[in-house]
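J.: This is the structure I have questions about; it appears just below.
There are 2 protein chains.
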Amino acid sequence: MPLIARIEAILIADDPSTFVTRALDRVALQFGGIEGDRHFGIFAKAGVRQPMYKRGQEIMNRRQLSIVSVEELQGIAERIGVDHIKPEWLGANLVVSGVPELTKLPMGIRMMLPSGGGLVCEGENEPCSGPGRIIASHYNDSLLTKLFIQKAQQARGIVAYVERPGEIRVGDLAKIHME
Amino acid sequence: MPLIARIEAILIADDPSTFVTRALDRVALQFGGIEGDRHFGIFAKAGVRQPMYKRGQEIMNRRQLSIVSVEELQGIAERIGVDHIKPEWLGANLVVSGVPELTKLPMGIRMMLPSGGGLVCEGENEPCSGPGRIIASHYNDSLLTKLFIQKAQQARGIVAYVERPGEIRVGDLAKIHME
Chain A
1 MPLIARIEAI LIADDPSTFV TRALDRVALQ FGGIEGDRHF GIFAKAGVRQ
51 PMYKRGQEIM NRRQLSIVSV EELQGIAERI GVDHIKPEWL GANLVVSGVP
101 ELTKLPMGIR MMLPSGGGLV CEGENEPCSG PGRIIASHYN DSLLTKLFIQ
151 KAQQARGIVA YVERPGEIRV GDLAKIHME
Chain B
1 MPLIARIEAI LIADDPSTFV TRALDRVALQ FGGIEGDRHF GIFAKAGVRQ
51 PMYKRGQEIM NRRQLSIVSV EELQGIAERI GVDHIKPEWL GANLVVSGVP
101 ELTKLPMGIR MMLPSGGGLV CEGENEPCSG PGRIIASHYN DSLLTKLFIQ
151 KAQQARGIVA YVERPGEIRV GDLAKIHME
């Protein structure tokens, strides 16, 4: 049985003042990700996530898209004691359902879209304080920032890049190729 | 203990009539791989190795470089009953030593060069008949083609792409980052 991810939401971070995303019905994925999104680009500057490179060096952009799962977000919400966590608060670009352990998908595997486009999983997106602070401000509880980082380990979703461009729509069923 | 790969040879396939490579002392790796090599490019056409895409569609090139290990090549030679297998015959771009199970390195991990350049492992390069035929012709034994495909499984090396450009020289010690 192939693993199928249903696309529940598509989001873009196109407000330069924040990483928080807003929802779209569909988007034409390009080489580099979602045009206009803050993580768009075939290349990117190395940052804290790539300590083996000097800060600011140009590298291939393996973190074009952030993908989270409905099931994992609900699990984090329960563990930190809040009603829900919106994917926008985490700067997510895609929300999927049907893959409860999305974050454990290995690097290098493909997620194929009905349009013929394809994404490559680049592994766990480790939780950091930015989204924690957004959650904390929404629930007016500053302790949630640290709690989020602790309780979102191995559940905060993955990053991915576009291997082949193609449209993606809410409701699409994406096939995960485990090899 | 970090895993260290010593660069034993650097090779280029720049003769359009064959995938067989020739040796260089050093090369400046670019985004896309080795300029002038038949697998050079940030993008590539989908082929038999990417059956999830239509033949000829443009995709990100995850197979810029072929890397083999001295130890694994010697193991294949022993299993097919020949004295040695030259990396040139397999179209290899890099030959390393010190990583006996190179082919089992997981997708997504990095190989960092002393120059600051970095490669990303894209997993096993599955053996096919092309190199088998070259080996068979060198030893004048047509049975070796099929035998190579059988006995080179999980030992024929990996493919990789350039994450950050940088020079690579024979004798370099490349550090393998397992996470």
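Chains A and B are the protein sequences, given in the same order. When we follow full-length UniProt numbering, the leftmost residue of the first sequence carries the number 1, and every step to the right adds one. When we follow full-length UniProt numbering, the leftmost residue of the second sequence carries the number 1, and every step to the right adds one. The C-beta atom is built at its ideal place from N, Cα and C for all residues, glycine as well.
1. Run the CB neighbour count on G171(B), radius 10 Å, all protein chains shown included, and call it buried at 16 or more, exposed below.
2. Give a yes or no on whether the minimum CB-CB distance between residue 213(B) and chain A is below 9 Å.
3. Which residues mark the beginning and the end of the beta strand (DSSP E) in which G123(B) is found?
4. Would you mind reading off the limits of the beta strand (DSSP E) that contains E8(B)?
5. From Y161(A) to E72(B), what distance separates their C-alpha atoms?
6. Identify each residue in the stretch 60 to 91 of chain B for which the Cβ-Cβ distance to at least one residue of chain A is less than 7 Å, and report them in chain order.
7. Can G32(A) and Q74(A) be called in contact, C-beta distance under 9 Å?
8. Do you know offhand how far Q30(A)'s Cα is from R164(A)'s?
9. Is there a C-beta anywhere in chain B that falls below 9 Å from the one on Q57(A)?
10. Say whether the stretch 88 to 98 of chain A touches the stretch 51 to 71 of chain A, bearing in mind that this needs 3 or more beta-carbon pairs closer than 8 Å, one atom from each stretch.
11. Please compile the residues from chain A whose C-beta is within a distance smaller than 7 Å of the C-beta of I134(B).
12. Got a sec: is the Cβ-Cβ distance from M112(B) to anything in chain A below 9 Å?
13. If you count every other CB in all the chains shown that lies within 10 Å of the CB of N61(B), and 16 or more means buried, which is it?
14. So, helix, strand or coil for L73(B), using DSSP?
15. Tell me whether L94(B) sits in a helix, a strand or coil according to DSSP, three-state version.
16. Determine the direct distance from the alpha carbon of G130(A) to that of G117(B), and round the result to whole angstroms.
17. Just to confirm my understanding: we take R26(A), look at its own chain, exclude 5 residues before and 5 after, and list those with CB closer than 8 Å. What are they?
18. Below 9 Å on C-beta distance, what does P2(A) contact in chain B?
19. Name the two residues that bound the continuous beta strand (DSSP E) containing A160(B).
20. Out of V48(B), V96(B), D83(B), point me to the one whose CA is closest to G157(B)'s CA.
21. Using a cut-off of 8 Å between C-beta atoms, extract the partners of I158(A) located in chain B.
22. Under 8 Å between beta-carbons, which chain B residues line up against P106(A)? List them in chain order, please.
23. Report the neighbours of G118(A) on chain B: residues whose CB is nearer than 8 Å to its CB, in chain order.
24. Based on the DSSP output, what are the partners of A23(A) in its beta bridges?
25. Okay, do the stretch 122 to 140 of chain A and the stretch 76 to 91 of chain A touch, 3+ Cβ pairs below 8 Å being the bar?
T.: The structure says:
1. Along the second sequence, read from residue 1 onward, the residue named residue 171(B) stands at position 171. The residue in question, G171(B), is exposed, as its Cβ has fewer than 16 Cβ neighbours within 10 Å.
2. Nothing can be reported for residue 213(B), as the shown portion of chain B is limited to 1 through 179.
3. Here residue 123(B) refers to the residue found at position 123 of the second sequence. Taken as a continuous stretch (DSSP letters only), the beta strand (DSSP E) holding G123(B) covers 118 to 124.
4. On the second sequence, residue 8(B) is found 8 positions in, with the first residue counted as 1. E8(B) -> beta strand (DSSP E) spans 3 to 12.
5. Residue numbering aside, residue 161(A) sits at position 161 when the first sequence is read from its first letter. Residue numbering aside, residue 72(B) sits at position 72 when the second sequence is read from its first letter. Y161(A) and E72(B): Cα-Cα distance of roughly 32 Å.
6. For the stretch 60 to 91 of chain B, the set of residues with a beta-carbon nearer than 7 Å to any beta-carbon of chain A comprises M60, in chain order.
7. What you label residue 32(A) is simply residue 32 of the first sequence in a count that begins at 1. What you label residue 74(A) is simply residue 74 of the first sequence in a count that begins at 1. Not a contact, by the Cβ cut-off of 9 Å.
8. Locating residue 30(A) in the first sequence gives position 30, where the first residue counts as 1. Locating residue 164(A) in the first sequence gives position 164, where the first residue counts as 1. Going by C-alpha positions, Q30(A) is about 8 Å away from R164(A).
9. Residue numbering aside, residue 57(A) sits at position 57 when the first sequence is read from its first letter. Closer than 9 Å: yes.
10. Short answer: they touch.
11. As a first step, residue 134(B) must be located in the second sequence, where it is residue number 134. Near I134(B) there are no residues of chain A at all, since even the closest Cβ is about 27 Å away, more than 7 Å.
12. Numbered from its first residue, the second sequence carries residue 112(B) at position 112. So yes, M112(B) belongs to the interface.
13. Counting from 1 along the second sequence, the entry for residue 61(B) is found at position 61. The Cβ neighbour count for N61(B), taken over all protein chains shown within 10 Å, is at least 16; the residue is labelled buried.
14. The residue you call residue 73(B) lines up with position 73 of the second sequence. In the three-state reduction of the DSSP assignment, L73(B) falls in the helix class.
15. Numbered from 1 along the second sequence, position 94 holds the residue referred to as residue 94(B). For L94(B), the three-state secondary structure derived from DSSP is strand.
16. Translated into positions along the second sequence, residue 117(B) becomes position 117. Translated into positions along the first sequence, residue 130(A) becomes position 130. For the pair G117(B) and G130(A), the Cα-to-Cα distance works out to about 30 Å.
17. Within the first sequence, numbered from 1, the residue matching residue 26(A) stands at position 26. Residues of the same chain with a CB within less than 8 Å of the CB of R26(A), apart from the 5 flanking positions on each side, are I10, E167, I168, R169, V170 in chain order.
18. Reading the first sequence from its first residue, position 2 is the one you call residue 2(A). Within chain B, no residue comes near P2(A); the closest Cβ sits about 11 Å away, beyond 9 Å.
19. Counting from one through the second sequence, the residue named residue 160(B) turns up at place 160. From DSSP, the beta strand (DSSP E) with A160(B) extends over 158 to 164.
20. As a working note, residue 157(B) is residue 157 in the second sequence. Sorting V48(B), V96(B), D83(B) by C-alpha distance to the C-alpha of G157(B) places V96(B) at the top.
21. Sequence index remark: in the first sequence, residue 158(A) carries index 158 (1-based). Within chain B, no residue comes near I158(A); the closest Cβ sits about 11 Å away, beyond 8 Å.
22. Translated into the one-based positions of the first sequence, residue 106(A) becomes position 106. Here the neighbours are P106, M107, G108.
23. Start at 1 with the first residue of the first sequence, and residue 118(A) comes out as number 118. For the C-beta of G118(A), the chain B residues within less than 8 Å are, from N- to C-terminus, M52, Y53, I59.
24. Reading the first sequence from its first residue, position 23 is the one you call residue 23(A). Under DSSP, A23(A) takes part in a beta bridge, and its partners are L11(A).
25. Counting C-beta pairs closer than 8 Å gives three or more between the stretch 122 to 140 of chain A and the stretch 76 to 91 of chain A, which meets the contact rule.
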